[in-house]
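Quick note, the sequences are listed as chains P and X, same order. Numbering-wise, our numbering comes out as the position in the first sequence, counting from 1, plus 306. Numbering-wise, our numbering comes out as the position in the second sequence, counting from 1, plus 1. Here's the structure we're looking at; comments come further down.
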Amino acid sequence: DAKTTQPPSMDCAEGRAANLPCNHSTISGNEYVYWYRQIHSQGPQYIIHGLKNNETNEMASLIITEDRKSSTLILPHATLRDTAVYYCIAEGYTDKLIFGTGTRLQVFP
Amino acid sequence: DGGITQSPKYLFRKEGQNVTLSCEQNLNHDAMYWYRQDPGQGLRLIYYSQIVNDFQKGDIAEGYSVSREKKESFPLTVTSAQKNPTAFYLCASSIDRGSGELFFGEGSRLTVL
């Protein structure tokens, strides 16, 4: 199981892009990078995942470096509702996902 | 709408009592999971089940028990043997063990008095 490292907290102005970094230097070839977020007192919500290529969906973009040792989740136009804890996970199997303490993103007006 | 339903949302119990938390899904997922979350902490896996009538211990299974008699149901019992049961409990499901996308319920907050 690859360990991930995220900053404990970040701020972002509403309407600006939020770029959340994650280091996973020990990731192995068959492990995906997953991002989830958890709004206070709710269950986590899946955002996006990728293996090698950059990925984009209606919620966010995921940029993975060529050596796969780090990644960045991009929320292109952050809103107040994006205030949450964001978890970066590197793993191959769903029953091995480790939700650490994540990054607490605060979006301010 | 398809999803995961946990009940009750809030639960208060006296010390020494067993408590059962309900988790139902209508997503037709094979795999189901129970996590525990303490304040300011991440999630820790209690038990998971990849298929009906089979389940595996997670990282903190002591003091908990589960059953998986139906595909859509995965109840968790917090027994009196669990030394510190007050926590936020989250149930999740996925298509299978390899899908990576977990669908979570809204959680059950247990307070033991």
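Cβ coordinates follow ideal geometry from the N, Cα and C atoms, glycine included. As the structure is a prediction and not an experimental result, all values here were calculated from the model.
| query | result |
| --- | --- |
| Under 8 angstroms between C-beta atoms of residue 92 (chain X) and residue 49 (chain X) | no |
| Exposed unless 16 or more other CB atoms sit within 10 angstroms - verdict on residue 333 (chain P) | buried |
| When P:330, P:347, P:346 are compared against residue 310 (chain P), the one with the closest alpha-carbon | P:330 |
| Nearest-angstrom Cα separation, counted from residue 110 (chain X) out to residue 86 (chain X) | 10 angstroms |
| Cβ distance (whole Å) where residue 55 (chain X) is taken to contact residue 37 (chain X) below 8 angstroms | About 21 angstroms separates the two Cβ atoms, so there is no contact after all. |
| Which listed residue (P:374, P:351, P:409, P:400) has its alpha carbon closest to that of residue 391 (chain P) | P:409 |
| Collapsed DSSP secondary structure at residue 317 (chain P) in the structure displayed | strand |
| Per-residue DSSP class, three states only, for residue 310 (chain P) | coil |
| C-alpha gap between residue 386 (chain P) and residue 351 (chain P), whole angstroms | 16 angstroms |
| Contiguous beta strand (DSSP E) assignments of at least 3 residues, all confined to the segment 315–356 of chain P | 315–319, 324–329, 338–344, 351–356 |
| Reduced DSSP secondary structure (H/G/I, E/B, other) of residue 98 (chain X) | coil |
| Sub-8 angstroms separation of residue 76 (chain X) and residue 23 (chain X) beta-carbons | yes |
| C-alpha distance - residue 71 (chain X) paired with residue 17 (chain X), whole-angstrom precision | 28 angstroms |
| Cβ shell of residue 12 (chain X) (< 8 angstroms), same chain only, five flanking positions each side left out | 20, 22, 109, 110, 111, 112 |
| Backbone secondary structure at residue 37 (chain X) - three-state DSSP | strand |
| Span of the beta strand (DSSP E), counted from its first residue to its last, around residue 46 (chain X) | 44–52 |
| Partners in chain X for residue 400 (chain P), counting only beta-carbon separations shorter than 7 angstroms | 32, 95, 98, 99, 100, 101, 103 |
| Coil, strand or helix - residue 69 (chain X) by DSSP | coil |
| Proximity of residue 47 (chain X) and residue 32 (chain X) at Cβ, strictly below 8 angstroms | no |
| DSSP-derived helix/strand/coil call for residue 10 (chain X) | coil |
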